[in-house]
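Colleague: Numbering (the numbering used here), first residue to last: -6 to 242.
Note that beta-carbon positions come from the ideal geometry of N, C-alpha and C, so glycine has one too.
After the structure tokens below, expect a handful of questions from me.
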Ligand code: PEP
């Protein structure tokens, strides 16, 4: 269960939320939990999460190791701040910051080289879904952004995928469990064909898009949904915790 806090939460708010999350009863043998705060609160989060099973991620990074890239952050900087993962290719990065599959591919490769696990986001817009282009879009996002990255590596341990239909992010419109399952299965099969059977089976595929306490259970019941990437509902301890503890519901 991965929380994407986007450009939200002050230092104080981060402290309060993490105090509550780390103090809550969670069976970490049943669920892996990760939070992705903004860059300015990563170090605080890292300190507060020390000694817990909760993982830390960046929300973006540059593909270069260092240099004249004003406003950017490098893979090693994220690692130094305590991150094991990094979210890449989020639809907000694609749409608002014009990131292409080619750019995302460079970032995926750089993350893996640096020993970070990319959480690679893919997903179609409403126009693409209505135009029956969902699978074409997903196929080219996979083809172009996972290129060369992992052929020589163990894919399931190196990459996490997140299917996030753009029309469901922050809109309150969750994909139905069947719609999500259909795409997750497609992704798993694509991985099986383009890498190998075990990669397809072993990789974690998260669903993201208006995940809430009242829909997490039905999503998690789908055979190819392994977890969730959660935006809005991860900003409050009560809703984030009830999503994390989906296995109890
Ligand atoms: C996201 O931005 O990754 C996301 C899924 O947001 P929300 O849960 O708010 O739709």
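Compare the beta carbon distance of residue 52 and residue -1 with 8 Å and say whether it is the shorter of the two.
Modeller: As a first step, residue 52 must be located in the chain shown, where it is residue number 59. As a first step, residue -1 must be located in the chain shown, where it is residue number 6. Result yes, Cβ atoms of residue 52 and residue -1 sit closer than 8 Å.
Colleague: Three-state secondary structure (DSSP) at residue 224?
Modeller: Taking the first residue of the chain shown as 1, we reach residue 224 at position 231. Coil at residue 224, not helix or strand.
Colleague: Go ahead and label residue 119 buried or exposed: buried means 16 or more other beta carbons lie within 10 angstroms of its beta carbon, across all protein chains shown.
Modeller: For the purposes of this step, residue 119 is identified with residue 126 of the chain shown, where counting begins at 1. It is exposed - the Cβ of residue 119 has fewer than 16 other Cβ atoms within 10 Å.
Colleague: Using beta-carbon positions only, say whether residue 171 and residue 114 come within less than 8 Å of one another.
Modeller: Residue numbering aside, residue 171 sits at position 178 when the chain shown is read from its first letter. Residue numbering aside, residue 114 sits at position 121 when the chain shown is read from its first letter. Result no, Cβ atoms of residue 171 and residue 114 do not sit closer than 8 Å.
Colleague: Could you tell me which residues DSSP puts in a beta bridge with residue 240?
Modeller: Within the chain shown, residue 240 is the residue found at index 247, counting from 1. In the DSSP output, where bridge partners are listed per residue, residue 240 has none listed.
Colleague: For residue 83, which of helix, strand or coil comes out of DSSP?
Modeller: Here residue 83 is taken as the residue at index 90 of the chain shown, counted from 1. Residue 83 falls in the coil class under three-state DSSP.
Colleague: Can you tell me the Cβ-Cβ gap for residue 232 and residue 205, rounded? I've got them flagged as a contact below 8 Å.
Modeller: Locating residue 232 in the chain shown gives position 239, where the first residue counts as 1. Locating residue 205 in the chain shown gives position 212, where the first residue counts as 1. With 8 Å as the limit, residue 232 and residue 205 qualify as a contact, their Cβ atoms being about 7 Å apart.
Colleague: Going by other Cβ atoms of all chains shown within 10 Å of its Cβ, with 16 needed for buried, is residue 133 buried or exposed?
Modeller: Along the chain shown, read from residue 1 onward, the residue named residue 133 stands at position 140. The residue is exposed, with fewer than 16 neighbouring Cβ atoms inside 10 Å.
Colleague: Any heavy atom of ligand 1 inside 7 Å of the beta-carbon of residue 186?
Modeller: As a first step, residue 186 must be located in the chain shown, where it is residue number 193. No - ligand 1 has no heavy atom lying nearer than 7 Å to the Cβ of residue 186.
Colleague: Taking the beta carbon of residue 92 as the centre, do at least 16 other beta carbons fall within 10 Å, making it buried, or is it exposed?
Modeller: Position 99 of the chain shown holds residue 92. It counts as buried.
Colleague: Ignoring anything shorter than 3 residues or poking outside the region 43 to 99, list the beta strand (DSSP E) runs there in chain order.
Modeller: Counting only runs of 3 or more, we get 48 to 51 and 78 to 81.
Colleague: Hey, how far is the Cα of residue 126 from the Cα of residue 137?
Modeller: Residue numbering aside, residue 126 sits at position 133 when the chain shown is read from its first letter. Residue numbering aside, residue 137 sits at position 144 when the chain shown is read from its first letter. Each residue's alpha carbon lies about 16 Å from the other.
Colleague: In whole angstroms, give me the CA-to-CA distance for residue 150 and residue 108.
Modeller: Here residue 150 is taken as the residue at index 157 of the chain shown, counted from 1. Here residue 108 is taken as the residue at index 115 of the chain shown, counted from 1. C-alpha separation (whole angstroms): 11 Å.
Colleague: Mapping DSSP to helix, strand and coil, what is residue 197?
Modeller: Working through the chain shown from its first residue, we reach residue 197 at position 204. Strand, per DSSP.
Colleague: Compute the minimum distance between the beta carbon of residue -3 and the heavy atoms of ligand 1, and state whether it is under 7 Å.
Modeller: For this step, residue -3 is matched to residue 4 along the chain shown. Yes, the Cβ of residue -3 comes within 7 Å of a heavy atom of ligand 1.
Colleague: Quick check on residue 130: does DSSP put it in helix, strand or coil?
Modeller: Within the chain shown, numbered from 1, the residue matching residue 130 stands at position 137. It is helical.
Colleague: Grab me the residues of residue 155's own chain with a C-beta within less than 6 Å of its C-beta, minus the 5 sequence neighbours each way, in chain order.
Modeller: Locating residue 155 in the chain shown gives position 162, where the first residue counts as 1. So the list reads 112, 114, 199, 201 and 222, once near-sequence residues are dropped.
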